[in-house]
Amino acid sequence: MGCQRDIAQKIRDKKADYVLALKGNQGTLRADVKLFVAEQKANGFKNTTISRDETVDGDHGRIETRTTTVIHDLAWLRQRHAWPGLNGVVIIDSRREIDGKVERETRLYITSLKEPAKSLGAIVRSHWAVENSLHWDMDMLFRDDECRIRTEHAPANFTTVKHIALNLTRRAPGNDSLRVRRKVAAWDDEYLASLIAA
């Protein structure tokens with residue numbers, strides 16, 4: 018889902034809330050937020066209302082520290098960009114240390130939620146867990162990253178078909194891995210028919 022004003026409006030019209038990643042497809046919004054965040058970080062967020070939370074995770078020889086900062090004082094941003102229901106800018110600063118090598122990343126989000134940093138950090142993290150799991154399944158089962166379908170609507174159509182196939186494969190009874198189920202469906206027409214009819 019792209020971070021677009023009309024999508025945010027539809028979400029708010031349904032009495033729901035959004036947390037949307039800021040990318041390069043919102044005109045000047047991302048640039049304005051990025052500049053504002055840089056200015057606020059430089060002066061220690063003294064001129065704005067924030068909440069902050071930090072989590073540290075470590076596994077498989079990796080230590081990751083995530084600092085979530087939510088800026089709640091956004092009258093200027095609401096006035097300049099008129100995003101429906103905008104109540105916060107979420108900044109997630111990640112620091113990953115793997116085998117002595119340090120990587121840093123900052124991700125920006127906008128939200129209609131009036132929640133503290135701890136809650137919003139958990140929301141963003143749970144979204145990434147779902148995204149990472151789906152991406153891993155799609156790449157491992159269907160070699161999604163190697164797909165060279167690029168023209169017109171074909172990439173979106175093919176992705177939809179692969180998602181349907183993945184969901185049908187997940188629903189199949191038994192303890193076999195998804196990879197085994199997919200291969201059996203390719204070899205055995207009766208098994209394939211049972212997946213589709215289930």
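Read in order, the letters of the sequence shown are residues 18 to 215 in the working numbering.
Quick reminder that beta carbons are idealized off the backbone N, C-alpha and C, glycines included.
The beta-carbon separation of Leu-183 and Asp-34, rounded to 28 angstroms, does not stay under the 8 angstroms limit for a contact. Excluding its 5 nearest sequence neighbours in each direction, Ile-140 has C-beta neighbours in its own chain below 6 angstroms: Val-36, listed in chain order. When DSSP states are grouped into helix, strand and coil, Asp-206 belongs to the helix group. Annotated three-state conformation of Leu-37 is strand, per DSSP.
In this structure, Ile-67 and His-89 form a Cβ contact; the two beta carbons are roughly 7 angstroms apart against a cut-off of 8 angstroms. A direct Cα-to-Cα measurement between Ala-55 and Arg-121 gives close to 15 angstroms.
Taken through DSSP and simplified to helix, strand or coil, Arg-160 comes out as coil.
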